[in-house]
Amino acid sequence: MVDNRMRDNHGVSIQARDIHGSVTVYSDPDASAPGWVDTALPVHRSDVRELGTHNALPGPGGEGLPPYVARDVDGELDRRLVAVAEAPRGGLVLVTGPSAAGKTRALAQALRRTMPDRMLVAPPEEADLRSLPTWLRERAERAPQGWVVWLDDLERHLSASGPTPALIAELGRVGAVVAATIRWNRLEALRPTSVDHTSAAEGVGYAVLKTPPIVVERRWNPQERERARAGGDERLVRAADDERFGVAEQLAVAPLLKMTWLGGPDNGHPRGHALVAAAVGLAEAGVTGSLTREQIQDLHTVYLSDPPPLPEEIDRAWEWATRPRGGLAGLLVPADHHGRWRAFDYLATEDALPEAVWRAALKVATEQDLFTVGLTAYRAGLDDIAEAAWTSPAEQGDTDSMFHLAFLLKETGRARKAKSWYRKAADLGHIDAMLALGLLLKREGRVRKAEAWYRRAAAQDDARAMALFGMLLGETGRAEESEVWFRRAADRGDTGSMVVLGILASKRGRKGDAEGWFRRAVDQGDPAGMFDLGNLLKETGRTREGEAWLRRAAELGNEEAMYEAGLSSEREGRERPTSGAGGSSTRTPGG
């Protein structure tokens, strides 16, 4: 069995959190492996429902999930999985999109196509993953084709003992790749605010979420809908014919659940609606853990209208909120077997969260969740909530919280206090704190001390630290040593370093080497690599392929590619006013 989590009304959910910038994986060689390691199954034998796929309405004959319908993103999923499987240090394939878009099933099917005989492990929410490389190495004979570490709803795995870039690299060295999903809104809230390789300050967020994601869209395009109809399953045909919603979200009755919730106050269930709203609000504030009935009830009155309609009795409200609709899921779904709950993950609110919700989040959050509450509050512009969320765990020795608290203090003009927290975190081995402290020293003109911190960070086998150290060496005129560190970073999977090395090779006239570096970055989904590869291909006469990569880079948000596409469209408009087509103009990489 790999049923270690819960979605809808079955299983147990997963949670963990990344040590931001940590690069040393501390494994206890004597630690006994938990049961979920020894119950691993080959990918082709895993049940997609146990991996987290939403249940679907049963078919006329009581059939379970309908057949999988190929999505246009399948090819990209396959390519990315093959690339990380072939990489010496493995890697993370991260799939994102809205709730009920079909992320989990698309990724699970891609694993079946590309690596059916690998052994799949699905860690539960409370799992400490730091010893996982040791456990998998000890069981190598059970997995001659290698391992897959499955992390559905990655935001619930981001803990101090959860996935980090260094842990993913160590897993790669024992033959494991990591496959994960995360909802788009959580990715936006939790990933670093800056992924610019020119900056030593990463910004707030989880370093592991820098991985370029593959997006699964909620809405299905006409070709995908036609494939759904062609399968013959009545449920797929009905869902494909209703173009108001995506096919996957209709199969999971997600629109029905949302309409039921929003209609609660007008249909005699204002208290039931408020119970669900309280759980939704806490989740959106960053509380990824499950909630007790009491925690939800304590907050729900915030969501009763003023003056409220006569609310129903609390037991009736709970029955309404938890009753499965369509035989699948309630608005509140059980998160474990101990009476704890979560809101169905499709439900969301567009309104700003009341202050009472943020204060409640600070009270009910675990130490792991406090970090995420701080991130979410910071993104919402609530510096006081973020500071409160990070201060307590920082004082308890959590280096992630120290680093982010220092970042916030620096932003709000308390530089001396920020520097003190950076130094505390750096002394405890926090890589980004070392880099941030080095940057502060560099700006103060203390370059030798800055270099010492950069070198110490790079020596921890962290790819990003190596890249930034290489950049510092280049800035101080040591080009040869700089390139050595860029190569070390690239060998450890740093796509920014691959792009830098490609640009250096191109400037030296080594176009073949440059193309090789750019393609390595592209294989890992790096938009900057796509942009520079596109320009190089156009320079060397392969215009059609080059323009295709430039368009792809622009689609993924690369600003240079978007700028070029804008210029090209403007130029096309001037030259051919009646044409709606746009092209791309050549621009030298980095120019």
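The letter at position 66 of the sequence shown is residue 66 when you use full-length UniProt numbering, and the numbering goes up by one with no holes.
All C-beta atoms, glycine included, are put in the ideal place defined by N, C-alpha and C.
Residue of the options minimising C-alpha distance to residue i
{"i": "Ala-457", "options": "Arg-446, Glu-444, Met-471, Ala-433", "result": "Ala-433"}
{"i": "Leu-291", "options": "Phe-344, Pro-324, Thr-181", "result": "Phe-344"}
{"i": "Gln-223", "options": "Lys-363, Ala-490, Arg-71", "result": "Arg-71"}
{"i": "Ala-389", "options": "Leu-362, Ala-415, Asp-47, Met-562", "result": "Leu-362"}
{"i": "Glu-50", "options": "Ala-33, Val-121, Glu-483", "result": "Val-121"}
{"i": "Asn-221", "options": "Arg-235, Asp-242, Pro-212", "result": "Asp-242"}
{"i": "Ala-521", "options": "Ala-489, Arg-186, Lys-507, Gln-297", "result": "Ala-489"}
{"i": "Pro-255", "options": "Leu-328, Val-500, Ala-87", "result": "Leu-328"}
{"i": "Asn-535", "options": "Asp-523, Gly-525, Gln-524, Glu-560", "result": "Glu-560"}
{"i": "Asp-509", "options": "Arg-414, Arg-492, Thr-540, Arg-359", "result": "The question names Asp, but residue 509 is Gly in the sequence shown. Residue Thr-540 is the option with its Cα nearest to Gly-509."}
{"i": "Ala-380", "options": "Ala-352, Arg-552, Leu-171", "result": "Ala-352"}
{"i": "Arg-156", "options": "Pro-324, Ala-377, Arg-183", "result": "Arg-183"}
{"i": "Phe-518", "options": "Leu-533, Ser-506, Ala-505", "result": "Leu-533"}
{"i": "Leu-310", "options": "Asn-267, Trp-320, Glu-350, His-337", "result": "Asn-267"}
{"i": "Ala-33", "options": "Leu-41, Val-43, Leu-132, Val-69", "result": "Leu-132"}
{"i": "Glu-294", "options": "Pro-67, Glu-411, Arg-340", "result": "Arg-340"}
{"i": "Thr-476", "options": "Arg-464, Ser-305, Arg-448, Leu-409", "result": "Arg-448"}
{"i": "residue 612", "options": "Leu-440, Arg-544, Pro-393, Glu-355", "result": "In this structure the chain extends from 1 to 591, so residue 612 is not present and cannot be described."}
{"i": "Arg-271", "options": "Lys-410, Ala-514, Glu-313, Ala-465", "result": "Glu-313"}
{"i": "Ala-377", "options": "Pro-354, Thr-322, Met-498", "result": "Pro-354"}
{"i": "Trp-261", "options": "Asp-315, Gly-330, Arg-238, Asp-306", "result": "Gly-330"}
{"i": "Val-93", "options": "Gly-397, Pro-67, Val-177, Thr-366", "result": "Val-177"}
{"i": "Pro-213", "options": "Lys-103, Arg-235, His-269", "result": "Lys-103"}
{"i": "Pro-116", "options": "Tyr-563, Arg-45, Thr-391", "result": "Arg-45"}
{"i": "Gly-162", "options": "Lys-258, Tyr-563, Ala-180, Phe-486", "result": "Ala-180"}
{"i": "Gly-397", "options": "Thr-349, Ala-426, Thr-322, Gly-91", "result": "Ala-426"}
{"i": "Arg-219", "options": "Arg-238, Thr-164, Gln-250", "result": "Gln-250"}
{"i": "Ile-296", "options": "Ala-465, Val-333, Ala-87", "result": "Val-333"}
{"i": "Thr-164", "options": "Pro-307, Ala-40, Arg-455, Asp-400", "result": "Asp-400"}
{"i": "Arg-265", "options": "Glu-226, Glu-234, Trp-320", "result": "Note that residue 265 is Pro in the sequence shown, not Arg. For the residues Glu-226, Glu-234, Trp-320, the minimum Cα distance to Pro-265 belongs to Trp-320."}
{"i": "Arg-492", "options": "Arg-478, Ala-479, Ala-465, Glu-515", "result": "Ala-465"}
{"i": "Ala-365", "options": "Glu-350, Ala-386, Tyr-346", "result": "Ala-386"}
{"i": "Val-48", "options": "Pro-67, Val-37, Gly-35", "result": "Pro-67"}
DSSP beta-bridge partners of residue i
{"i": "Met-530", "result": "Partner(s): none; Met-530 has no beta bridge."}
{"i": "Val-93", "result": "Ala-179"}
{"i": "Val-149", "result": "Val-121, Val-178"}
{"i": "Leu-41", "result": "Leu-120"}
{"i": "Ala-329", "result": "Arg-325"}
{"i": "Pro-334", "result": "Trp-341"}
Inter-residue CB distance, residue i and residue j (contact presumed, cutoff 8 Å)
{"i": "Ala-554", "j": "Ala-565", "result": "5 Å"}
{"i": "Ala-106", "j": "Val-148", "result": "About 15 Å; that fails the 8 Å criterion."}
{"i": "Arg-118", "j": "Ala-169", "result": "Arg-118 to Ala-169, Cβ: 18 Å. No contact."}
{"i": "Gly-64", "j": "Asp-152", "result": "Not a contact, Cβ separation roughly 18 Å."}
{"i": "Gln-460", "j": "Ile-431", "result": "6 Å"}
{"i": "Ala-283", "j": "Arg-342", "result": "7 Å"}
{"i": "Lys-419", "j": "Met-402", "result": "Contact flag wrong, Cβ pair sits at about 12 Å."}
{"i": "Trp-421", "j": "Gly-438", "result": "Not quite, the Cβ-Cβ distance comes to about 15 Å (not below 8 Å), so this is no contact."}
{"i": "Arg-80", "j": "Gly-525", "result": "6 Å"}
{"i": "Arg-325", "j": "Val-253", "result": "6 Å"}
{"i": "Leu-468", "j": "Leu-435", "result": "6 Å"}
{"i": "Asp-384", "j": "Ala-166", "result": "In fact, because the Cβ distance is near 33 Å, the residues do not count as touching under 8 Å."}
{"i": "Arg-191", "j": "Gly-172", "result": "Actually they do not touch by this definition, with Cβ atoms about 21 Å apart."}
{"i": "Val-499", "j": "Gly-529", "result": "5 Å"}
{"i": "Ala-101", "j": "Val-216", "result": "5 Å"}
{"i": "residue 592", "j": "Leu-501", "result": "Residue 592 lies beyond the stretch modelled for the chain, which goes from 1 to 591, so this question has no answer here."}
{"i": "residue 592", "j": "Ala-56", "result": "Summary: the structure shown does not reach residue 592, with the chain confined to residues 1 through 591, and so no result is reported for it."}
Min CB distance residue i to chain B below 8 Å
{"i": "Met-498", "result": "Of the chains in the structure shown, none is chain B; there is only one protein chain."}
The region 275-294 / the region 368-387 touching (three or more Cβ pairs under 8 Å):
yes
Check whether the region 103-118 touches the region 230-241, taking contact to mean three or more Cβ pairs, one atom from each stretch, closer than 8 Å.
no
Please list the segments of the alpha helix (DSSP H) lying wholly inside the region 210-297, counting only runs of 4 or more residues, in order along the chain.
222-230, 234-241, 247-251, 254-262, 270-284
Say whether the region 92-104 touches the region 128-146, bearing in mind that this needs 3 or more beta-carbon pairs closer than 8 Å, one atom from each stretch.
no
Tell me whether the region 298-308 and the region 270-282 touch, counting them as touching only if at least three CB pairs, one residue from each stretch, are closer than 8 Å.
yes
Across the region 240-247 and the region 123-130, are there enough close Cβ pairs to call them in contact, namely three or more that are closer than 8 Å?
no
Ignoring anything shorter than 4 residues or poking outside the region 453-510, list the alpha helix (DSSP H) runs there in chain order.
463-475, 479-491, 495-507
Please give me, in chain order, every unbroken run of the alpha helix (DSSP H) with length at least 4 that falls completely inside the region 377-453.
383-395, 399-411, 415-427, 431-443
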